[in-house]
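Since the structure comes first, as structure tokens, the remarks are kept for the end.
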Amino acid sequence: MPERLSGGCACGAVRYECDAAPMFMWVCHCRECQRASGGGGAVNVVFRKVDVRFTQGEPTYSPRIGTSGQRTWRGFCVECGSPLAARADLIPDIQGLSAASFDDPGQFRLVAHIWTDSAQPWDTLAPEVPRIAGTPTPADLAHLLALAHGSAPAQ
Numbered sequence: 030m031p032e033r034l035s036g037g038c039a040c041g042a043v044r045y046e047c048d049a050a051p052m053f054m055w056v057c058h059c060r061e062c063q064r065a066s067g068g069g070g071a072v073n074v075v076f077r078k079v080d081v082r083f084t085q086g087e088p089t090y091s092p093r094i095g096t097s098g099q100r101t102w103r104g105f106c107v108e109c110g111s112p113l114a115a116r117a118d119l120i121p122d123i124q125g126l127s128a129a130s131f132d133d134p135g136q137f138r139l140v141a142h143i144w145t146d147s148a149q150p151w152d153t154l155a156p157e158v159p160r161i162a163g164t165p166t167p168a169d170l171a172h173l174l175a176l177a178h179g180s181a182p183a184q
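In the working numbering, each residue carries its 1-based index in the sequence shown increased by 29.
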């Protein structure tokens, strides 16, 4: 993985950089992420919030009460509407960035599907990728970190 990861919206009004490797990548299948993505779920590359900085423009955040009952914040470009970011009050120290918004989205490896109890029957989930039925617990997050960094077997 390159030293600095970068990406942005479709029109170029918002750009970001990440100086650290991501924690992991997951697909969230909660109903809010389905609505926000227009598909089966939102594919997010998850970073520690302190490792992400917007270098040009800023996403506009729209708060909603998420499936967990707490606020989620979805960031998008106000110019072109591209989904860019997600964060949640439930896990305040992490920042999700839309996988497709990276300059090279193919460099990441999916480690989990979350909120699979809400997955649509037409959305095919890879059988080898771990699934979490709802909100990841602290133990789930620790396991995903270990999976992403090669120090744990898949469950």
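Glycine residues also receive a C-beta, built at the ideal position from the N, C-alpha and C atoms.
Taking C-beta separations shorter than 6 Å and ignoring five residues to either side along the sequence, the partners of Pro134 in its chain run Ala128, following chain order. As far as DSSP is concerned, Leu173 takes part in no beta bridge.
About 19 Å separates the beta carbon of Val79 from that of Met54, a gap too long to meet the 8 Å contact definition. Sorting Arg33, Ser130 and Arg64 by C-alpha distance to the C-alpha of Cys40 places Ser130 at the top. Classified as exposed, Arg64 has fewer than 16 neighbouring CB atoms from the shown chains inside 10 Å of its CB. Rounded to whole angstroms, the separation of the alpha carbons of Gln124 and Phe105 is 13 Å.
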